[in-house]
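A quick write-up on the structure given underneath.
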Amino acid sequence: MRKIMIAGNWKMNKTIAESIELVKGIKESGKVQVLVAPVFTALSAVCEARGDRKICVAAQNMHYEESGAFTGEISPLMVKDTGAKHVILGHSERRHIFKEDDALIKEKVLSAIAHGLKVILCIGEQLEEREAEKTNEVLDVQLTEGLKGITPDQMEDVIIAYEPVWAIGTGKVATPEQAQEAHAFCRRKIAELFGEDVAEKVRILYGGSLKPDNADGLLSQKDIDGGLIGGASLKADSFNAIIDAAERL
Ligand code: PEP
Numbered sequence: 002m003r004k005i006m007i008a009g010n011w012k013m014n015k016t017i018a019e020s021i022e023l024v025k026g027i028k029e030s031g032k033v034q035v036l037v038a039p040v041f042t043a044l045s046a047v048c049e050a051r052g053d054r055k056i057c058v059a060a061q062n063m064h065y066e067e068s069g070a071f072t073g074e075i076s077p078l079m080v081k082d083t084g085a086k087h088v089i090l091g092h093s094e095r096r097h098i099f100k101e102d103d104a105l106i107k108e109k110v111l112s113a114i115a116h117g118l119k120v121i122l123c124i125g126e127q128l129e130e131r132e133a134e135k136t137n138e139v140l141d142v143q144l145t146e147g148l149k150g151i152t153p154d155q156m157e158d159v160i161i162a163y164e165p166v167w168a169i170g171t172g173k174v175a176t177p178e179q180a181q182e183a184h185a186f187c188r189r190k191i192a193e194l195f196g197e198d199v200a201e202k203v204r205i206l207y208g209g210s211l212k213p214d215n216a217d218g219l220l221s222q223k224d225i226d227g228g229l230i231g232g233a234s235l236k237a238d239s240f241n242a243i244i245d246a247a248e249r250l
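Under the working numbering, think of the first position of the sequence shown as 2, with each following residue one higher.
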C-alpha cells in the first residue's frame, strides 16, 4: 500500500554537467518512486535533464523565510522555482555540522508544507545515544518537535527518513532487525501523534550505508518503505541496482 521510494542524496558533490550526466543514467520506475537531491546550483538543470521521466527532484535544505537578509540561504519559493517538488530537511549533517536544532527544523517543515513542497524529514540517533539505549528517546523528541504544528492531513506531504548517524557514510550499516525496530517505533510514535491512519500511510525510509549488496535485507522489512542513499547514489550503476532491488520486493 505504501509506495517504495528510493532517494539519492548527492550532498556537496557534482558540478552541473556531472549532475546532468548522472540523472540521465538513472532509470525511472513504474513501481518505485525514484528521487534525486542534487546541489542547489544543479537543481534546475537536473529538473530539465530528467525530461518526462518519472524522477522526482529534491533540494537538500532550505530556509523557512520567503526572502530577506539571510546570506547564503535559499527560500521555499526559490526551491520551487527550480522545478523541485521535494526538500530534505534535518539531515544529520545539517543537525551536527551546521548545528540545526529541532526548533529550526520544525520552522522549515512548516514552511515547506505551507509552500506546497513535500518534505523528507531526517531523524536518527548518534552512536553514544544508541550505546546508552537512548535511541527511542531521541527519535521520540525529533519526531515530536520536528513535526510540531503539522496537521494529520499535512502528513500526506511528509516522508520520514530514519538515518542512524553512526551508519551515515561510515560503511557501518544497521542490521535489518535494528532498522526494523527503529522504524516500528517511529510508526508507533506517528500513530500516537497523528492517528493510526496517518501512521499506516506515512513512508519511513532507511538511510545509512545502504548499498546494492545490503538493500534486499533492509528493504524487505515490514516498516521500511525505501531508502535515502548517499554514497551509492553518486554512480548510476549502484543507484539503479538499489532501484532494481526495490522493484523485486
Ligand atoms: C545520507 O547522506 O543520507 C546517507 C545515508 O549517506 P550514505 O548512504 O553514504 O551513508
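The C-beta atom is built at its ideal place from N, Cα and C for all residues, glycine as well.
Do the CB positions of residue i and residue j come within less than 8 Å of each other?
{"i": "E44", "j": "K86", "result": "Note that residue 44 corresponds to Leu in the displayed sequence, not to Glu. No, Cβ-Cβ distance for L44 and K86 is not below 8 Å."}
{"i": "D158", "j": "I114", "result": "yes"}
{"i": "L105", "j": "N62", "result": "no"}
{"i": "T136", "j": "E126", "result": "yes"}
{"i": "A50", "j": "I7", "result": "no"}
{"i": "P213", "j": "A237", "result": "no"}
{"i": "G231", "j": "K15", "result": "no"}
{"i": "K190", "j": "D141", "result": "yes"}
{"i": "A242", "j": "D217", "result": "no"}
{"i": "I169", "j": "S239", "result": "no"}
{"i": "V33", "j": "I244", "result": "yes"}
{"i": "A59", "j": "F41", "result": "no"}
Is it buried or exposed for residue i, if we count other Cβ within 10 angstroms and need 16 for buried?
{"i": "T152", "result": "exposed"}
{"i": "V35", "result": "buried"}
{"i": "S68", "result": "exposed"}
{"i": "L78", "result": "exposed"}
{"i": "E132", "result": "exposed"}
{"i": "I98", "result": "exposed"}
{"i": "G73", "result": "exposed"}
{"i": "D53", "result": "exposed"}
{"i": "F71", "result": "exposed"}
{"i": "V47", "result": "buried"}
{"i": "D226", "result": "buried"}
{"i": "T83", "result": "buried"}
{"i": "G9", "result": "buried"}
{"i": "A18", "result": "exposed"}
{"i": "M156", "result": "buried"}
I'd like the list of long-range same chain contacts for residue i, defined as Cβ closer than 6 Å, with 5 residues on each side in sequence excluded.
{"i": "I160", "result": "I121, R204"}
{"i": "N215", "result": "V174"}
{"i": "L111", "result": "G150"}
{"i": "G208", "result": "A162, E164, L229"}
{"i": "P39", "result": "W11, S20, V47"}
{"i": "K55", "result": "E29"}
By alpha-carbon positions, which one of the options ends up nearest to residue i?
{"i": "L250", "options": "G227, E22, I243, S221", "result": "S221"}
{"i": "Q181", "options": "D198, I7, G228", "result": "G228"}
{"i": "D103", "options": "C48, K149, E248, Y207", "result": "K149"}
{"i": "C57", "options": "H116, H64, K28", "result": "K28"}
{"i": "E129", "options": "P165, V199, I75", "result": "P165"}
{"i": "K109", "options": "L140, K100, S93, V88", "result": "V88"}
{"i": "P177", "options": "A192, L219, Q143", "result": "L219"}
{"i": "H116", "options": "E197, V139, K81, K55", "result": "K81"}
{"i": "L144", "options": "V37, A192, I75", "result": "A192"}
Can you find the residues in the same chain that come closer than 7 Å, C-beta to C-beta, to residue i, ignoring five residues on each side of it along the sequence?
{"i": "T171", "result": "S210"}
{"i": "D224", "result": "Q181, H184, A185, R188, I205"}
{"i": "S76", "result": "M63, H64, E66, E67, S68"}
Taking only heavy atoms of ligand 3 into account, decide whether any of them is closer than 7 Å to the Cβ of residue i.
{"i": "G170", "result": "Only ligand 1 can be found as ligands here, which leaves ligand 3 out of the picture."}
Excluding the 5 residues flanking residue i on each side, which residues of the same chain have their C-beta closer than 8 Å to its C-beta?
{"i": "G196", "result": "P153"}
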